[in-house]
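There are 2 protein chains.
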Amino acid sequence: MTPTTPERGEATGDSNLGWSLAVLLRRWHEHAEAALADLPHGSRGYHVLAATSRGDAPTQAALAERLLIDRSVMTYLIDDLEAADLVQRRPDPADRRVRRVCPTEHGLEVLARADALVGHIEERVLGGLDPDARALFHASAARAATAVQESSPGTDPCAAVVQVTGGAAGNAQGTVG
Amino acid sequence: MTPTTPERGEATGDSNLGWSLAVLLRRWHEHAEAALADLPHGSRGYHVLAATSRGDAPTQAALAERLLIDRSVMTYLIDDLEAADLVQRRPDPADRRVRRVCPTEHGLEVLARADALVGHIEERVLGGLDPDARALFHASAARAATAVQESSPGTDPCAAVVQVTGGAAGNAQGTVG
DNA sequence: TATTGTTATACTCTATAACTATA
DNA sequence: TATAGTTATAGAGTATAACAATA
Numbered sequence: 010m011t012p013t014t015p016e017r018g019e020a021t022g023d024s025n026l027g028w029s030l031a032v033l034l035r036r037w038h039e040h041a042e043a044a045l046a047d048l049p050h051g052s053r054g055y056h057v058l059a060a061t062s063r064g065d066a067p068t069q070a071a072l073a074e075r076l077l078i079d080r081s082v083m084t085y086l087i088d089d090l091e092a093a094d095l096v097q098r099r100p101d102p103a104d105r106r107v108r109r110v111c112p113t114e115h116g117l118e119v120l121a122r123a124d125a126l127v128g129h130i131e132e133r134v135l136g137g138l139d140p141d142a143r144a145l146f147h148a149s150a151a152r153a154a155t156a157v158q159e160s161s162p163g164t165d166p167c168a169a170v171v172q173v174t175g176g177a178a179g180n181a182q183g184t185v186g
Numbered sequence: 010m011t012p013t014t015p016e017r018g019e020a021t022g023d024s025n026l027g028w029s030l031a032v033l034l035r036r037w038h039e040h041a042e043a044a045l046a047d048l049p050h051g052s053r054g055y056h057v058l059a060a061t062s063r064g065d066a067p068t069q070a071a072l073a074e075r076l077l078i079d080r081s082v083m084t085y086l087i088d089d090l091e092a093a094d095l096v097q098r099r100p101d102p103a104d105r106r107v108r109r110v111c112p113t114e115h116g117l118e119v120l121a122r123a124d125a126l127v128g129h130i131e132e133r134v135l136g137g138l139d140p141d142a143r144a145l146f147h148a149s150a151a152r153a154a155t156a157v158q159e160s161s162p163g164t165d166p167c168a169a170v171v172q173v174t175g176g177a178a179g180n181a182q183g184t185v186g
């Protein structure tokens, strides 16, 4: 009994991508929340503020899609950022439904300081890599994330229908639970 | 008015590591939850099952620390995994306080199928990278995450005390909120 | 006294739906 | 009819504390 089936090798465990990403993101978040504690919603508020200040003032819906935040949550976030004089809602003359969010003067100053802090944090999160590998990882993460963001979640759902317990073996128990 | 201060360049926004990690992890999680829906706690249960099957049966506390899950939550997770005949709690003869968690025969079979599914998912999550960059990213993520995991959170808290709004400028408003 | 695991509680975050206004 | 934004509600997930057993 107890067929340990060791042919899986070390393909799981530490080398699991989901685990690695979760650990890195968790550490990033811990440090960011500590450093950005006096921003209205911590690192969340920082992400919104940063996204607001790149290029053409985005709409709330565009912010929500880019930052993976629900539109209803985005309302509260911008409410508090606006109350803190960091961003400003402006009506769009072309479409009176939308509100374009742009940073205030004070918001840009705060963002500059926050960017510097976050830069240090990111170096420490990737402290296990030497500088070359760190820069490469940073760039690769951005590239992969941008590609993921551009492909909508429903692009290729075919591979997701396979069930773990209902594979080629065909278990008679139905579900595992 | 509206001093856009464009000298920040594109150092934020898309190239933000926290954003990149969040996007990638979110996509990994979406696919994993869909593919592992019939495991007791989805991708969470998969992580526990995978960690259980590597080497020496870990204690619940060790699992909780490695997977960044609270000990109280780990109790429920293992409860359900054990009810599904995927893992088994065994008393440790050396220390009767601890419970060592090891996979069952059925658990190893389910894990093998889950590993294959997760492997495909991870390739798709990193679809924006060519195969070489993908393998390198995968390895670098594991290395950085392991390094992060080994350094406890309280190792170097000095850099976290700096406040964003209380920097060199010294604002008279106190806090931004 | 410190630690493992369990249980109960409270809190935060997120998702969902209903509503208004514009297109 | 469809979309942007707001508001209110319910649910899942998470953290916290108290407890029993053991070291």
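In the order they appear, the protein sequences are chains A and B. Quick note, our numbering runs 9 ahead of the 1-based positions in the first sequence. Quick note, our numbering runs 9 ahead of the 1-based positions in the second sequence. Glycine residues also receive a C-beta, built at the ideal position from the N, C-alpha and C atoms.
Under the DSSP assignment, V32 (chain B) falls in the alpha helix (DSSP H) whose first and last residues are L26 to A44. Interface criterion met: the Cβ of L77 (chain B) is under 7 Å from a Cβ in chain A.
Counting only unbroken stretches of 3 or more residues, the beta strand (DSSP E) elements lying wholly within the region 98 to 134 of chain B are 108 to 112, in sequence order.
Residue contact check for H147 (chain A) against chain B: a CB pair falls below 7 Å.
Within chain B, no residue has its CB atom less than 8 Å from the CB of R109 (chain A), the nearest being about 13 Å off.
One thing to note: R80 (chain A) has its Cβ no nearer than 7 Å to the Cβ of A60 (chain A).
The C-beta separation of V119 (chain A) from L95 (chain A) comes to about 6 Å, placing the pair in contact by the 8 Å criterion. Annotated as proximal: W37 (chain B) and G27 (chain A), with beta-carbon spacing under 7 Å.
Within the DSSP bridge table, the entry for T68 (chain A) names A:R109 as partners.
Residue contact with chain A for R80 (chain B): absent (no Cβ-Cβ distance below 7 Å to any residue of chain A). With a cut-off of 8 Å on Cβ pairs, the region 150 to 159 of chain B is in contact with the region 134 to 143 of chain A, counting three or more such pairs. Nearest in C-alpha terms to V127 (chain A), of all of A:R106, A:A93 and A:Y55, is A:Y55.
Between V57 (chain A) and L72 (chain A) the beta-carbon gap is near 6 Å, inside 8 Å, which marks them as a contact. Assignment of beta-bridge partners to V96 (chain A) by DSSP yields A:P112. No Cβ of chain A is located within less than 7 Å of the beta carbon of V96 (chain B). CA-to-CA, the gap between E131 (chain A) and V157 (chain B) works out to about 12 Å.
Between S149 (chain A) and A148 (chain B), the beta carbon gap of about 11 Å keeps them out of contact (Cβ cut-off 8 Å).
The three-state secondary structure of P49 (chain A), taken from DSSP, is coil. For the 7 Å CB-CB criterion, R106 (chain A) and Q69 (chain A) do not form a contact. Shown here for R53 (chain A): same chain residues with a beta carbon closer than 7 Å to its own, the five before and five after excluded, namely L86 in chain order. With respect to chain A, the C-beta atom of L26 (chain B) has a partner C-beta closer than 7 Å.
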